[in-house]
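Residue numbers (the numbering used here): 126 to 395.
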């Protein structure tokens, strides 16, 4: 059901790859709620994924951008502003990658070249996006920026590896840039800490099925799925949340504040 929460708003969605992607679901919901959007991903992801299908559905242009490149990010915002005839009202950063995870390298034996690349793509890119947007005055007053994160930024999940460090840095950028952009132009910046979700990236984490099953048993409401995350993102892009900024917002069915549940105790007693 649509409520026209984003009618007249314009935004950029980073990171949609295929129908499993949270960013894909967010793009669909933004379109349903009346927004105009631009879709972007890396040139490699565009070749591997199915973004053109989403672009057709949402009547949205696709502008490739390597988020580790200042030039590409500048080009993305410049072309988006030309397309919209002005600034944007919201941005979703749904980007994360760990070569160490992909190659099965243990956290204590991380390859630092891989670590640097993962940090650049997963976290520094968020700073680059915000810095570029501020320099170009690309985000309208009272705009909203979101980045997707995970509770491993605060708690130990051994197989999440260096992505936990990346997410911790991502959340710090949201707080620090949130202050700067809030003072300058009332732009609000938050992170959404989502339940473990079956995406292409998530499925690459060792023991991911165990992750999901454990979280389901530990969450009073159960795990939040990608469609529900998209609903939450829409609310944070809307004018209903204009005074929410610099927050890490848990969207996880209560997992983050639950010590133990009866279901987990029963499982352990078997």
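Beta carbons: idealized from backbone N, C-alpha and C, even for Gly. Being a predicted model, the structure only gives us computed values, none of them experimental.
Of all C-beta pairs linking the region 344-352 to the region 379-395, three or more are shorter than 8 Å, placing the two stretches in contact. If only uninterrupted beta strand (DSSP E) runs of at least 3 residues are considered, those enclosed by the region 285-350 are 313-319.
Residues of the same chain with a CB within less than 8 Å of the CB of residue 309, apart from the 5 flanking positions on each side, are 259 in chain order. By the beta-carbon neighbour count (other beta carbons within 10 angstroms, threshold 16), residue 165 is buried. Taking a contact to require three or more Cβ pairs closer than 8 Å, the region 256-274 and the region 284-299 qualify as touching.
Put simply, the backbone Cα of residue 237 is about 30 Å away from that of residue 375.
Remark: C-beta atoms of residue 285 and residue 293 do not approach each other more closely than 7 Å. Judged by beta-carbon spacing, residue 235 lies beyond the 7 Å limit of residue 290, meaning their Cβ atoms are not closer than that value. Between residue 142 and residue 174, the CB-CB gap stays under 7 Å.
In this structure, DSSP gives residue 193 a state outside helix and strand, which the three-state scheme calls coil. With a beta-carbon spacing of about 6 Å, residue 219 and residue 139 fall inside the 8 Å limit used to define contacts. Taking a C-beta distance under 7 Å as the contact criterion, residue 186 and residue 163 qualify as a contact pair. For residue 266, the closest alpha carbon among the candidates 231, 230, 213, 191 is that of 213. Residue 313 and residue 395 have their C-alpha atoms spaced approximately 47 Å apart.
Residue 373 places its beta carbon less than 7 Å from that of residue 318.
With respect to the 7 Å criterion, residue 216 and residue 137 are classified as neighbours on the basis of their beta carbons. Counting the other CB atoms within 10 Å of its CB gives residue 154 a total of 16 or more, which places it among the buried residues. Residue 295 places its beta carbon less than 7 Å from that of residue 251.
Relative to the Cα of residue 255, the nearest Cα in the group 222, 177, 268 belongs to 268. Here residue 389 carries a helix assignment [DSSP, helix/strand/coil]. Shown here, residue 269 sits in a strand according to DSSP, grouped into three states.
For the pair residue 351 and residue 387, the Cα-to-Cα distance works out to about 26 Å.
The shortest CA-to-CA distance from residue 283 to any of 253, 264, 322, 229 is the one to 229.
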